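81 is the number of the first residue of the sequence shown in the numbering used here; add one for each residue after it.
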Amino acid sequence: MKIRLIDPALKGTRQEHTKRELKYLWFTHLSLTMIAGLTPDEHEVQITDENVEDIDFEEDVDLVGLTGMTIHAPRAYEIAKRFRERGIPVVMGGIHASSLPYEAKKHVDAVVIGEAETVWKKLLEDVRSGKLKPFYKAEGLCSLKGLPHPRQDLLKKQAYMTTNCIQTTRGCPFNCNYCSVTQFFGHRYRLRPVEEVVEEAKKYSGNFVAFVDDNIVGNPSYAKKLFKALIPLNIRWGSQGSLTMAKDDELLKLAAKSGCSAMFIGFESLSQKNLKAMNKSINKVDEYSDAIKKIHDHGIMINGAFIFGLDYDDESVFERTVRFVEKEKIELATYHILTPLPGTLFFQQMEKEGRIIDWDWSKYNSINVVFKPKLMSEETLQNGYYWAFKETYSWHSILKRLAFT
Numbered sequence: 081m082k083i084r085l086i087d088p089a090l091k092g093t094r095q096e097h098t099k100r101e102l103k104y105l106w107f108t109h110l111s112l113t114m115i116a117g118l119t120p121d122e123h124e125v126q127i128t129d130e131n132v133e134d135i136d137f138e139e140d141v142d143l144v145g146l147t148g149m150t151i152h153a154p155r156a157y158e159i160a161k162r163f164r165e166r167g168i169p170v171v172m173g174g175i176h177a178s179s180l181p182y183e184a185k186k187h188v189d190a191v192v193i194g195e196a197e198t199v200w201k202k203l204l205e206d207v208r209s210g211k212l213k214p215f216y217k218a219e220g221l222c223s224l225k226g227l228p229h230p231r232q233d234l235l236k237k238q239a240y241m242t243t244n245c246i247q248t249t250r251g252c253p254f255n256c257n258y259c260s261v262t263q264f265f266g267h268r269y270r271l272r273p274v275e276e277v278v279e280e281a282k283k284y285s286g287n288f289v290a291f292v293d294d295n296i297v298g299n300p301s302y303a304k305k306l307f308k309a310l311i312p313l314n315i316r317w318g319s320q321g322s323l324t325m326a327k328d329d330e331l332l333k334l335a336a337k338s339g340c341s342a343m344f345i346g347f348e349s350l351s352q353k354n355l356k357a358m359n360k361s362i363n364k365v366d367e368y369s370d371a372i373k374k375i376h377d378h379g380i381m382i383n384g385a386f387i388f389g390l391d392y393d394d395e396s397v398f399e400r401t402v403r404f405v406e407k408e409k410i411e412l413a414t415y416h417i418l419t420p421l422p423g424t425l426f427f428q429q430m431e432k433e434g435r436i437i438d439w440d441w442s443k444y445n446s447i448n449v450v451f452k453p454k455l456m457s458e459e460t461l462q463n464g465y466y467w468a469f470k471e472t473y474s475w476h477s478i479l480k481r482l483a484f485t
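Written out as C-alpha cells, the structure is:
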C-alpha cells in the first residue's frame, strides 16, 4: 500500500512562521517518523509536514494517517474531509484523538487511542483486507526497547533547525493538573536502553542533538548513565527537565560534561499556592534562585516556562514574572496562558465549573484565553501575556539578562 502520513499545520499561533524562520526555530516531531519506522517494508510510506510544505490532495494513496494535539484538530479534520471525499481512508492518532476519540471519529475512518506502536501493523492489515475498525486502542504502554529509529530521512531536513531529535524516556511520575502528558504516556517512567540511544545519536550528522523527552532527568540514575555514555560522542545537546536536577551535583556535572547546553524548565509560577493547586508542589519557589544559579554555574542556559492565569494570579503576575526573569538572568522565557486541554484534570475542573468560554480548538494554543480566570478579566490576562513577551524580548530586558554583573 501507499501511505501518506501528515502533520497538520499550526495556524494562528506564535509558531506560524515563514519557511525561513522555521529553519531557525523548528524541531521535527517524532510521532510520524516513528510510525514510518514501524511500517513494514512492503508498504511505501511518505511524510508531509504541512508546516514546511503543501499537501498534495490529488495524490494517489491507499491510506492517510494524521496526528496532532488539540490545536491541530480543526485543520486535521479539514484535511481528512478532503481525502475522504475521494474515497481514501483516513486514520488519526495523537493526544487529541486519544482524549476525544468519539469526536475524532466523526471526521475520520479510524481512531488510534494511545500509543500506536502496539496496533499500527494490525491496522495496516485491516486496511489491506478491507476490514478497518473504527477504533484501535493501544494494548497498554509499549516498551522502549528495540524500537526502530524514526524515519527522519523522509523529512525535508533543510527546512528545520535540526532533525537530530531523539527520545530516551516516556511518561512522567508527576500529575500536574494542566498537563496531558501523563494522560497519554502514563505515570510510569519508561526508559530506553542507553546503548540504543547512543547508537541512534552516532548516526546523525552534525554535533547537536535535541532530546525530546518530557523530563530527561526524571530518573536521575538513568540520566547519569545516559550522560556518561554521551561524553565520548563530543556533541552538544538540549532537552526538557524538572528543576529537581539542581539538587543533584553529580547529575549537573555529568550533564554539562556530556554537552548539555540548554534546558527547558517549567517553573510555571512564582506562587507556591498556585503550584500546590496545580499538583506541582515538587517546585519550591524559595529554591528557584539557588537552583538557577547552580544550573548556570555549570554553563547550561535556561529556557524558563511560566503560566499566566492560574487561580491565584492577579494582574501583578506579569510584571513580577518578567522582573524575576531579569533578576535571575534567565536567558529565554516562554510564557503560556493557562489552557484547559481535553483529557486533563484542569479541563474537567473548568468544564464542571462552567468556566470554559471558547470551544474553538484552534485557539487552544496557550496564547489565547479560552476560560474565565478567577482574579482578573479575560482581557487583562490576554493583554498581560502580550506585554510580558514584548517586555521580556525588548532590548533593555535582554541586556539586563545577558549582563555579566
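The C-beta atom is built at its ideal place from N, Cα and C for all residues, glycine as well. Note that this is a predicted model, so its numbers are computed, not measured.
Host beta strand (DSSP E) of residue i (start-end)
i: K217; result: F215 to K217
i: K452; result: From DSSP, K452 is part of no beta strand (DSSP E); its letter is neither H nor E.
i: Y415; result: L412 to I417
i: G384; result: M381 to F388
i: K82; result: K82 to D87
Own chain partners of residue i with C-beta closer than 7 Å, once the 5 adjacent residues on each side are dropped
i: G379; result: A336
i: G148; result: P88, A156, G174 and H176
i: S111; result: T147 and G174
i: H476; result: none
i: K208; result: A small correction: the amino acid at residue 208 is Arg; Lys does not occupy that position in the sequence shown. Hits under 7 Å: M81.
i: H109; result: D87
i: T472; result: V402, V405 and A413
i: S369; result: E408
i: P228; result: G117 and L118
i: E133; result: K236
Buried versus exposed call for residue i [16 or more other C-beta atoms within 10 Å across all chains shown]
i: D466; result: The amino acid at residue 466 is misidentified as Asp; the sequence shows Tyr. That one is exposed.
i: H267; result: exposed
i: Y104; result: Here the model assigns Y104 a pLDDT of 46, short of 50, so the residue's position is not dependable, and the following value carries that caveat. By the neighbour-count rule (16 or more Cβ atoms within 10 Å), Y104 is not buried but exposed.
i: N255; result: exposed
i: E406; result: buried
i: W439; result: exposed
i: R231; result: buried
i: H226; result: According to the sequence as given, residue 226 is Gly; it is not His. G226 is exposed by the Cβ-count criterion.
i: I478; result: exposed
i: D377; result: exposed
i: Q238; result: exposed
i: F347; result: buried
i: F137; result: exposed
i: S474; result: exposed
i: P120; result: exposed
Contact set for residue i: own chain, Cβ-Cβ below 6 Å, skip 5 residues either direction
i: G423; result: S179, S260 and Q263
i: N131; result: A89
i: E152; result: Checking the sequence, you will find His at residue 152 rather than Glu. For H152, where only same-chain residues beyond five positions count, the Cβ hits under 6 Å are P88.
i: H416; result: I387 and S446
i: N257; result: M358, N359, L425 and F426
i: M114; result: P230
i: I315; result: N287, V289 and G339
i: Y392; result: S351, K353 and N354
i: L203; result: Y216
Contacting residues, own chain, Cβ-Cβ under 8 Å from residue i (five flanking each side not counted)
i: E219; result: T198 and V199
i: N299; result: T249, Y269 and L271
i: K327; result: A371
Continuous alpha helix (DSSP H) stretch holding residue i: start and end
i: T401; result: V397 to K407
i: M430; result: L425 to K432
i: A153; result: A153 to R164
i: K364; result: Here K364 belongs to no alpha helix (DSSP H), and DSSP marks it neither H nor E.
i: I478; result: W475 to L482
i: L461; result: E458 to T472
Beta-carbon spacing of residue i, residue j below 8 Å
i: K217; j: D206; result: no
i: G384; j: I410; result: yes
i: T460; j: E395; result: yes
i: L390; j: L418; result: yes
i: E183; j: C222; result: no
i: T242; j: A290; result: yes
i: I387; j: S351; result: no
i: Q126; j: R84; result: yes
i: F45; j: C245; result: The structure shown does not extend to residue 45, since the chain is modelled only from 81 to 485, so the question has no answer here.
i: L313; j: A281; result: yes
i: V274; j: K236; result: no
i: P420; j: V450; result: yes
i: G318; j: N295; result: no
Short CB-CB distance (under 8 Å) between residue i and chain D
i: V449; result: As a matter of chain content, chain D is missing from the structure shown, which is built from one protein chain.
### Message
In chain order, what are the residue ranges of uninterrupted beta strand (DSSP E) at least 3 long that sit wholly in the stretch 320-362?
### Response
340-348
### Task
Jot down the residue ranges of each uninterrupted beta strand (DSSP E) in the stretch 263-332, minimum 3 residues, whole runs only, in chain order.
288-291 and 316-321
### Message
Just to confirm the assignment: which complete alpha helix (DSSP H) runs, minimum length 4, are found wholly within the stretch 116-200?
### Response
153-164, 175-179 and 181-185
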